[in-house]
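**Q** Heads up, the sequence shown is in this note's numbering, so the first residue is 1271 and it goes up one at a time.
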Amino acid sequence: MRELLLHIGHPKTGSSTLQAFLARNAEELARRGLFIAGGDLGFDPNNEVSGNPLHYFRANAGIAPEAFADHLRARMAAIEAPDARFVLSTEILFNPGHAALFVPLLGEISVRVAYYIRRQDRVLLAAWRQWGLKRGLSLPEFIAYRMNSGLPDYETTIAEWGELAGEGALHLRFLDPRFLTRGDLFADFAEFLKTPAEGLAAVANENVSPDARLLRFLSRHSGLFESLDDDRPIDVLAMGRSGDGAEKLKLPKNLFDLVRRRYEARNQEILARFMPDKAGLAVIDEADAPIEETQACAGAEARDVEHVTARLVDLVSRQERTLQALLARIEKLEALRAKGSDGSGRG
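#1: Rounded to the nearest angstrom, how far is the Cβ of L1551 from that of R1405, given a contact under 8 Å?
#2: Run through DSSP, which three-state label would P1522 get?
#3: Less than 8 Å between the beta carbons of G1438 and E1361, yes or no?
#4: Count Cβ pairs between the stretch 1392-1411 and the stretch 1363-1383 that sit closer than 8 Å; are there 3 or more?
#5: With H, G and I counted as helix, E and B as strand and the rest as coil, what does DSSP make of R1345?
#6: What residue range is occupied by the uninterrupted alpha helix (DSSP H) comprising F1456?
#7: Take the Cβ of K1520 as the centre, count every other Cβ of all protein chains shown within 10 Å, and call the residue buried at 16 or more, exposed below.
#8: Give me the Cα-Cα distance between F1544 and D1505, rounded to the nearest whole angstrom.
#9: What would DSSP say about I1278, mapped onto helix, strand or coil?
#10: For a test of the three-state rule: what should DSSP assign to R1272, helix, strand or coil?
#11: Cutting at 6 Å between CB atoms, please list the residues of its own chain near Y1533, excluding the five before and the five after it.
#12: Does the beta-carbon distance from L1292 to V1357 come in below 8 Å?
#13: When the Cα of K1464 is compared with those of G1367, E1430, R1382, which residue comes out closest?
#14: Excluding the five sequence neighbours on either side, which residues of its own chain have a C-beta within less than 6 Å of the C-beta of L1494, listed in chain order?
#15: Under 8 Å by Cβ, that's how I've got R1294 and V1473 pegged, so tell me the actual separation to the nearest angstrom.
#16: Given 8 Å as the limit, is there contact between the stretch 1427-1438 and the stretch 1407-1419, that is, 3 or more CB pairs closer than that?
#17: Considering only C-alpha positions, which residue in the set A1608, L1507, G1367, L1304 is nearest to P1228?
#18: Would you give the residue range spanned by the beta strand (DSSP E) that H1441 belongs to?
#19: Assign F1372 to one of three DSSP states: helix, strand, or coil.
#20: Mapping the DSSP letters down to three states, classify A1267 as helix, strand or coil.
#21: Could you compute how far the alpha carbon of E1378 sits from the alpha carbon of F1462?
#22: Which of the three DSSP states is assigned to E1350 in this structure?
#23: First and last residue of the beta strand (DSSP E) that includes R1355?
#24: Could you tell me how far apart the beta carbons of D1555 and A1516 are, in whole angstroms, since I believe they sit closer than 8 Å?
#25: How long is the line joining the alpha carbons of Y1386 and A1605, rounded to whole angstroms?
#26: Does DSSP classify R1389 as helix, strand or coil?
#27: Since L1304 is in the beta strand (DSSP E), which residue starts that stretch and which ends it?
#28: Given a cut-off of 8 Å on the beta-carbon distance, is the pair I1349 and F1313 in contact?
#29: Could you have a look at E1378 and say whether DSSP puts it in helix, strand or coil?
#30: Classify M1346: buried if its beta carbon has 16 or more other beta carbons within 10 angstroms, exposed otherwise.
#31: Rounded to the nearest angstrom, what separates Q1538 and L1394 at their Cα positions?
#32: Nearest by alpha-carbon distance to I1561: which of G1303, L1525, A1457 is it?
#33: Secondary structure at A1516, three-state DSSP: helix, strand or coil?
#34: Give every residue of the same chain whose Cβ lies closer than 8 Å to the Cβ of L1311, excluding the five residues on either side of it in the sequence, and list them in chain order.
#35: Tell me the DSSP secondary structure of V1383 in three-state form.
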């Protein structure tokens, strides 16, 4: 029977990196009988794999399971190999309701599911970096909001996809070398694909975090973002930086302890079900946790302003003229904020 291999996300858990890995190795994988879905869900090995199927699902929001199944069935039928295996990777599939799209295909094709999840201290930092700061929320405010909303909620996704394919067909791993085959994401994903990792080219991490000082500063000036998808202020202010010497985003110790108390017992339940040989091994491990030293918290706001101002001065000095207006706007916002904080702006 043919096989459909689904990589369903979760956001901030290496999806972009795995999609780049699949695109880079699409030709070799096709020789092995593994065909990668492009942005239109086509599997033609003669076409370069491009686009993210995410955009297909967004453009067809609310699509009926039968219509989706017919579309995917027709795309797979274009591949004549009787033992073909089809790979579909997109982070949107973790969202509730998406497993139902594949129900009409059950019985026609074998379905297996890869679900990579990330320790919650790191995924909350990444989510704040991507969305929270653009809402003007501080890191503690954002973490409180996510925890009060029951997020991240890995268990609901596990239950939905386990019901579709069966828990035995669910390849679940924490995105941490301690829980991955040979300590490597690509080797682990190759294991899911049931193909040797040898002969497949690795790719670099697709998402590199900007300097923490820049991120904290922008959270206090979230009006610079036009939407939650707008990354231009970050991209501009990080322009020309390699990441060397950047300050890494970390959690204050009290926040780390709060996150660990909330989630670690649940992580151990997941390990017992899907990685029993790793049960008892701490997922949210303090030994390598992103914890900020107490003294580093003091004076952080002033350091943030100093860092961003220096970045703007450097960029403008290199005749990045489009930045001059941004510099003036930030200086004005910072002055108004300072005026308000000392009470002089209140009547």
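Glycine included, every Cβ here is placed at the ideal spot set by N, Cα and C.
**A** If we stick to the structure as given:
#1: Reading the sequence shown from its first residue, position 281 is the one you call residue 1551. Reading the sequence shown from its first residue, position 135 is the one you call residue 1405. That pair is no contact at about 35 Å.
#2: Position 252 of the sequence shown, counted from the start, is the residue given in the question as residue 1522. P1522: strand per DSSP, three-state reduction.
#3: Your numbering for residue 1438 matches position 168 in the sequence shown. Your numbering for residue 1361 matches position 91 in the sequence shown. No, these two residues do not count as a Cβ contact at 8 Å.
#4: no
#5: Against the sequence shown, residue 1345 aligns to sequence position 75. Helix.
#6: Stepping through the sequence shown from its first residue, residue 1456 is reached at position 186. F1456 -> alpha helix (DSSP H) spans 1455-1463.
#7: Reading the sequence shown from its first residue, position 250 is the one you call residue 1520. The residue in question, K1520, is buried, as its Cβ has 16 or more Cβ neighbours within 10 Å.
#8: The residue given as residue 1544 occupies position 274 in the sequence shown. The residue given as residue 1505 occupies position 235 in the sequence shown. Each residue's alpha carbon lies about 39 Å from the other.
#9: What you label residue 1278 is simply residue 8 of the sequence shown in a count that begins at 1. Residue state, collapsed to three classes: coil.
#10: In the sequence shown, residue 1272 corresponds to position 2, counting from 1. Correct three-state label for R1272: coil.
#11: The count along the sequence shown starts at 1 and reaches residue 1533 at position 263. For Y1533, where only same-chain residues beyond five positions count, the Cβ hits under 6 Å are Q1390.
#12: Translated into the one-based positions of the sequence shown, residue 1292 becomes position 22. Translated into the one-based positions of the sequence shown, residue 1357 becomes position 87. A contact, by the Cβ cut-off of 8 Å.
#13: Translated into positions along the sequence shown, residue 1464 becomes position 194. Ranking the options by Cα distance to K1464, first place goes to R1382.
#14: Taking the sequence shown and counting its residues from 1, one reaches residue 1494 at position 224. Contacts found: P1503.
#15: Here residue 1294 refers to the residue found at position 24 when the sequence shown is read from its first residue. Here residue 1473 refers to the residue found at position 203 when the sequence shown is read from its first residue. Contact flag correct, Cβ pair sits at about 6 Å.
#16: no
#17: Residue 1228 falls outside the range modelled here, since the chain spans only 1271 to 1617, and no answer is possible.
#18: Residue mapping note: residue 1441 aligns to position 171 of the sequence shown, counting from 1. Counting along the chain, the beta strand (DSSP E) containing H1441 begins and ends at 1440-1444.
#19: Within the sequence shown, residue 1372 is the residue found at index 102, counting from 1. F1372 falls in the helix class under three-state DSSP.
#20: The chain is shown only over 1271 to 1617; residue 1267 falls outside these bounds and no answer can be derived.
#21: In the sequence shown, residue 1378 corresponds to position 108, counting from 1. In the sequence shown, residue 1462 corresponds to position 192, counting from 1. Roughly 20 Å between the two C-alpha positions.
#22: The residue given as residue 1350 occupies position 80 in the sequence shown. Three-state result, E1350: coil.
#23: Translated into the one-based positions of the sequence shown, residue 1355 becomes position 85. Per DSSP, R1355 belongs to the beta strand (DSSP E) from 1355-1359.
#24: Numbered from 1 along the sequence shown, position 285 holds the residue referred to as residue 1555. Numbered from 1 along the sequence shown, position 246 holds the residue referred to as residue 1516. Their Cβ separation, rounded to whole angstroms, is 23 Å, which puts D1555 and A1516 out of contact at 8 Å.
#25: In the sequence shown, counting from the first residue as 1, residue 1386 sits at position 116. In the sequence shown, counting from the first residue as 1, residue 1605 sits at position 335. Using only the alpha carbons, I get a separation of about 44 Å.
#26: In the sequence shown, counting from the first residue as 1, residue 1389 sits at position 119. Here R1389 sits in coil by DSSP.
#27: Residue mapping note: residue 1304 aligns to position 34 of the sequence shown, counting from 1. Looking at the DSSP string, the run of the beta strand (DSSP E) that includes L1304 is 1304-1306.
#28: Within the sequence shown, residue 1349 is the residue found at index 79, counting from 1. Within the sequence shown, residue 1313 is the residue found at index 43, counting from 1. The answer is yes: Cβ separation under 8 Å.
#29: Residue 1378 sits at position 108 when you count from the first residue of the sequence shown. Residue state, collapsed to three classes: coil.
#30: Residue mapping note: residue 1346 aligns to position 76 of the sequence shown, counting from 1. M1346 should be labelled buried.
#31: Your numbering for residue 1538 matches position 268 in the sequence shown. Your numbering for residue 1394 matches position 124 in the sequence shown. Rounded to whole angstroms, Q1538 to L1394 spans 19 Å at the Cα level.
#32: For the purposes of this step, residue 1561 is taken as residue 291 along the sequence shown, with counting starting at 1. Relative to I1561, the option among G1303, L1525, A1457 whose CA is nearest is L1525.
#33: The residue you call residue 1516 lines up with position 246 of the sequence shown. Of the three classes helix, strand and coil, the one that applies to A1516 here is coil, per DSSP.
#34: For the purposes of this step, residue 1311 is taken as residue 41 along the sequence shown, with counting starting at 1. Here L1311 has P1323, Y1326, H1341, L1342, R1345, L1358 as same chain residues with Cβ atoms under 8 Å from its own Cβ, once five neighbours each way along the sequence are excluded.
#35: Within the sequence shown, residue 1383 is the residue found at index 113, counting from 1. Strand at V1383.
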